[in-house]
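Protein chains in written order, with my numbering: chain A, 1 to 452; chain B, 1001 to 1185.
First the structure, in the form of structure tokens, and then the observations on it.
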């Protein structure tokens, strides 16, 4: 029998696990944490100013102009939604496949999903230009007829997909938190801490009958999230694929977007986990190099999948015999925005191939650097799809360029401030590793242990 | 203020049951003890653990959760609602021809119908779990704060037929319980 890798290092007892994970919630953070929190908060405030200016003075503050009317907001929306997908993949799909190594990273990956979807959700709302009327996107009885939304429009599908995804991920994340919140409640010395965590834990007591229903609902949510997450990025890709524009109008988009989403999301999980392992040394026993290596293998696999999609698009453009389609793809790689195409290919297809070497995929510094490249590359993938397709279409008379402004750059970087600010608060308020899920896998891979 | 909150908490606190509890530090011994307790004729008792235990449902004869059926019914309801709503709004209440497509363009409505299905099923199954587990409980009785960390317990209520404190205590001790106490849960 092939020896199994231990999932938790350091011969921990059940109490050690509780102590290790709860300590973060129960102690005051150090200077490094405050430094990180304040920088994230500074960036977040900058973001609020940028978006405030855009809301106050209009979308023209950003560089969008004919023919590139979808700019930073849509690119960055797709980028953040994609990031979220890895969290659901880890928490739901790996759960259904009984991949026990997911337990240590599932909670934070799911938190990443929730926060990434929150960050993403703002962009299309702000892109409407009049965000105070964003509720018009929802079908509600109104005094204009009632005039309903157009259910044939991919943009309305997107509203349904993203809001369902946000709701279900939050519920899934919260249900996973309930037993751990009860643990914190039972350890609380301060009465207010006990009350607040007690209320959040819904008064969970952990009887066998409770666990029976709980495990069932957890599995059902995993089973429901799996098709949901695949549908969400498929529908996001429909925003493009259902249009008639060459470069967008391709049937490969749904699987290509889903693979890209998983790729970029795992890139972000690796980035976050590398930082968390450094900032919180006790977590090296839970998020082991074995975990990191597994994630890097997934990054490498999905990197080849998106590489295949890039190649396939070019092949189909050539094979279709359609001169406009062919022109768009030649323009994409060798036109005025060709540099963005080659950044994308380098970051997404070539650099992750370094993970073929075991040394690289199991060493923190190189994997951290590669994960940053993956994040950059996946932002540029959406840039390539949106901007290079829009800027030159059928008629040369309607060609143009896209000139981003300070407000574009500010929105991109500022959104990271929002994401990291929320994430850093989460790290100190909620258990970042699922206590109740790690305990049953304590003995995996230990010699002479019970096999559950 | 603090006094008022204490009063509210006391008023809302669920009624506890008096009974006997045994506490273990080894999950396998607890599962075995649960099986012995059931075999000794106690029909209904509680096993409390910090994480779901392998084999406890079998040892305590707990039936499979009914939530999947609820989820299926809710998913079906969501799907039906999605079909009805897209049809009614697009083809009945205010028919508008858009892009030359039929008023009831079912294929284009599939994404919305699908999302309705998932949303209904997910939220209903969570609601069902909360209802079936009688959550939320306000400040519930707990036997020991370590039961959400590293200890395991069995609890038999006094009202249970066949309850005999001395016999149960002896049973728990013989199964390796580290502590046995009269308590409220």
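Glycine included, every Cβ here is placed at the ideal spot set by N, Cα and C.
Keep in mind that this is a model prediction, so the values were computed, not measured.
With DSSP collapsed to three states, give me the class of residue i.
| i | result |
| --- | --- |
| residue 18 of chain A | helix |
| residue 70 of chain A | coil |
| residue 1018 of chain B | strand |
| residue 422 of chain A | helix |
| residue 450 of chain A | Legend: pLDDT at residue 450 of chain A = 48, less than 50; position of this residue unreliable, value from coordinates given subsequently. Of the three classes helix, strand and coil, the one that applies to residue 450 of chain A here is coil, per DSSP. |
| residue 393 of chain A | coil |
| residue 432 of chain A | coil |
| residue 132 of chain A | helix |
| residue 264 of chain A | helix |
| residue 363 of chain A | coil |
| residue 207 of chain A | strand |
| residue 1026 of chain B | coil |
| residue 164 of chain A | helix |
| residue 382 of chain A | helix |
| residue 301 of chain A | helix |
| residue 1183 of chain B | strand |
| residue 222 of chain A | helix |
| residue 243 of chain A | coil |
Any Cβ of chain B within less than 8 Å of the Cβ of residue i?
| i | result |
| --- | --- |
| residue 295 of chain A | no |
| residue 13 of chain A | yes |
| residue 254 of chain A | no |
| residue 451 of chain A | Model confidence at residue 451 of chain A stands at a pLDDT of 45, short of 50, so the residue's coordinates are unreliable; what they give is reported in the following sentence. So no, residue 451 of chain A is outside the interface. |
| residue 100 of chain A | no |
| residue 151 of chain A | yes |
| residue 140 of chain A | no |
| residue 31 of chain A | no |
| residue 189 of chain A | no |
| residue 118 of chain A | no |
| residue 170 of chain A | no |
| residue 36 of chain A | no |
| residue 231 of chain A | yes |
If we call anything under 8 Å between Cβ atoms a contact, is residue i one with residue j?
| i | j | result |
| --- | --- | --- |
| residue 378 of chain A | residue 77 of chain A | no |
| residue 117 of chain A | residue 165 of chain A | yes |
| residue 403 of chain A | residue 63 of chain A | yes |
| residue 73 of chain A | residue 155 of chain A | no |
| residue 102 of chain A | residue 90 of chain A | yes |
| residue 1131 of chain B | residue 1049 of chain B | no |
| residue 1034 of chain B | residue 1181 of chain B | no |
| residue 267 of chain A | residue 1148 of chain B | no |
| residue 252 of chain A | residue 311 of chain A | no |
| residue 370 of chain A | residue 269 of chain A | no |
| residue 344 of chain A | residue 315 of chain A | no |
| residue 55 of chain A | residue 131 of chain A | yes |
| residue 24 of chain A | residue 1118 of chain B | no |
| residue 313 of chain A | residue 250 of chain A | yes |
| residue 1162 of chain B | residue 1041 of chain B | yes |
| residue 222 of chain A | residue 406 of chain A | no |
| residue 414 of chain A | residue 7 of chain A | no |
| residue 286 of chain A | residue 435 of chain A | no |
| residue 149 of chain A | residue 141 of chain A | no |
| residue 231 of chain A | residue 161 of chain A | yes |
| residue 307 of chain A | residue 349 of chain A | yes |
| residue 302 of chain A | residue 372 of chain A | no |
Taking residue i and residue j to be in contact with their CB atoms under 8 Å, please state how far apart those CB atoms are, rounded to whole angstroms.
| i | j | result |
| --- | --- | --- |
| residue 305 of chain A | residue 241 of chain A | Not really, about 17 Å apart at Cβ, beyond 8 Å. |
| residue 1141 of chain B | residue 1081 of chain B | Actually they do not touch by this definition, with Cβ atoms about 41 Å apart. |
| residue 384 of chain A | residue 299 of chain A | With a Cβ gap of about 20 Å, residue 384 of chain A and residue 299 of chain A do not count as contacting. |
| residue 423 of chain A | residue 111 of chain A | 7 Å |
| residue 119 of chain A | residue 87 of chain A | About 13 Å; that fails the 8 Å criterion. |
| residue 332 of chain A | residue 203 of chain A | That belief does not hold up - the Cβ atoms of residue 332 of chain A and residue 203 of chain A are roughly 57 Å apart, past 8 Å. |
Does residue i have its Cβ less than 8 Å from a Cβ in chain A?
| i | result |
| --- | --- |
| residue 1081 of chain B | no |
| residue 1166 of chain B | no |
| residue 1048 of chain B | yes |
| residue 1126 of chain B | yes |
| residue 1032 of chain B | no |
| residue 1003 of chain B | no |
| residue 1024 of chain B | no |
| residue 1156 of chain B | no |
| residue 1133 of chain B | yes |
| residue 1163 of chain B | no |
| residue 1183 of chain B | no |
| residue 1099 of chain B | yes |
| residue 1176 of chain B | no |
message: In chain order, what are the residue ranges of uninterrupted alpha helix (DSSP H) at least 4 long that sit wholly in the segment 1096-1161 of chain B?
response: Entirely contained in the segment 1096-1161 of chain B, the alpha helix (DSSP H) runs reaching 4 residues are, in chain order, 1106-1132.
- request: Output the residue ranges of the alpha helix (DSSP H) runs that lie fully inside the segment 54-130 of chain A and measure 4 residues or longer, sorted by chain position.
  value: The DSSP assignment places 72-88, 103-127 as complete runs of the alpha helix (DSSP H) inside the segment 54-130 of chain A, in order along the chain (cut-off: 4 residues).
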